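Heads up: the structure comes next, in structure tokens.
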Amino acid sequence: MPSEFELINHCFKRPTRHTVLGVGDDGALISPTPGQELVISTDLLVEGTHFLADTNAEDLGWKTLAVNLSDMAAMGAQPRWATLAAVLPAPSFDWIEAFSRGLFDCADHYNIDLIGGDTTRGPRAFCVTIFGEAPPGQALRRNGAKAGDSIWISGQPGRAALGLAHLQRRTTLREPDLAHCLAALHRPQPRIELGLALRGIASAAIDVSDGLLADLGHILEQSNLTARLHIPNLPPTGLARDCWLSGGDDYELLFTAAAELDGAMNALANRLELALTRIGETAAGTPGELILSDDDGELITPARRGYDHFM
Ligand code: ADP
Ligand code: MG
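Take 194 as the starting number for the sequence shown in this note's numbering and just add one per residue.
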């Protein structure tokens, strides 16, 4: 069994690309780009709450970093550095090695340096803090939406929740849907490029981690607005619709932008080869209220808005 030192050196120490001093000292040294604001975010993943005990270790490594990158995307930040606190049960070296392979796959893909962390024994959990940069005043926030803005969602929400439902035998998916849904669940693709492109364009943004309606609720409450939603091609009923509206783990970007920019948004979707769907508009009214109707104008009352750890 390797010592803690050997484990860290073997699994979590890699050459860095834009760091003064990385893993191995009492602290890391970074040299932020002069004139940029630092954007900082932390996310915790706990076994049994955020991932199943039998999740593939390499996938989990990817996801641990990817969910933090999604917060950077939602801020319109360029992510650059990350730290990792790992709580591991009686160490299985192979498991940790596979986890680190997935984590560094994601780090390499998005050009992130892992610059430090902590490792300790206990029930499995991972906490990443991520550091990104944005030009002063340009980071995207939740509170900037204006009445009459269009509401947009990237990609295809609900897939990760459907994939999880399949694994829990609450539904049975068939190929090719099954592969798409499991990929969304295990290898979320944080929308960094979209977030960067939305600087100066989106009036508010959030990443969808707890369910589309729940996360839209946060934008509406913080911007003091109501939303009228009429979602094109919403699954007609049942689990697929529930997952679309209030499934967790999507890591798509939900954002608002002035209605004059609707055309620009379609051009952006083409450039990024990423679906951007207009799902409604904001309006003055009770903060946080959502009025949802289907293609025929019938009102829809969703069973719930999303996932809340304390309810
Ligand atoms: P200390 O006793 O000073 O906390 P550690 O032995 O915990 O030092 O860590 C040694 C070095 O390894 C530090 O630079 C720390 O940032 C880094 N480190 C520890 N655990 C991790 C991890 N899971 N991922 C990345 N770096 C880590
Ligand atoms: Mg330590």
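We put the CB at the ideal spot given by N, CA and C, even for glycine. Here the structure is a predicted model, which means the values were calculated and not measured.
Residue burial classification, residue i (beta-carbon count within 10 angstroms, cutoff 16)
i: H203; result: exposed
i: E251; result: buried
i: F292; result: buried
i: V260; result: buried
i: D400; result: buried
i: H379; result: buried
i: I329; result: Note that residue 329 corresponds to Pro in the displayed sequence, not to Ile. Answer is exposed; the Cβ neighbour count stays below 16.
i: G505; result: Because the chain here runs from 194 to 504, residue 505 falls outside it and cannot be looked at.
i: P383; result: buried
i: V213; result: exposed
Candidates the options, of which the one nearest residue i by Cα
i: I394; options: D247, G337, I412, E445; result: G337
i: T312; options: G217, E368, S402; result: G217
i: F297; options: P328, L469, S263, L277; result: L277
i: F324; options: R335, S263, G315; result: S263
i: D301; options: I289, W274, G315; result: W274
i: D236; options: S196, T322, F286, F205; result: T322
i: F319; options: D488, T242, L413, A327; result: T242
i: I201; options: V213, S224, G310; result: G310
i: P208; options: I233, L307, T257, S285; result: L307
Simplified DSSP state of residue i, which is helix, strand or coil
i: S196; result: coil
i: I424; result: coil
i: M504; result: For M504, the pLDDT reaches just 48, beneath the cut-off of 50, and the residue's location in the model is therefore unreliable, leaving the point undetermined.
i: S224; result: coil
i: Q361; result: coil
i: D443; result: coil
i: G393; result: coil
i: V260; result: helix
i: Q160; result: This structure does not reach residue 160, given that the chain is present from 194 up to 504, and the question cannot be answered.
i: I201; result: helix
Proximal residues to residue i (C-beta, below 6 Å), its chain only, five neighbours per side dropped
i: R471; result: S343, W345
Contacting residues, own chain, Cβ-Cβ under 8 Å from residue i (five flanking each side not counted)
i: L333; result: A267, M268, G269, G388, L391, R392, A395, A397, A398, F448
Strand pairing of residue i, partner residues [DSSP]
i: E474; result: S343, R421
i: W255; result: In DSSP, W255 forms no bridge with anything.
i: Q271; result: E326
i: I484; result: R421
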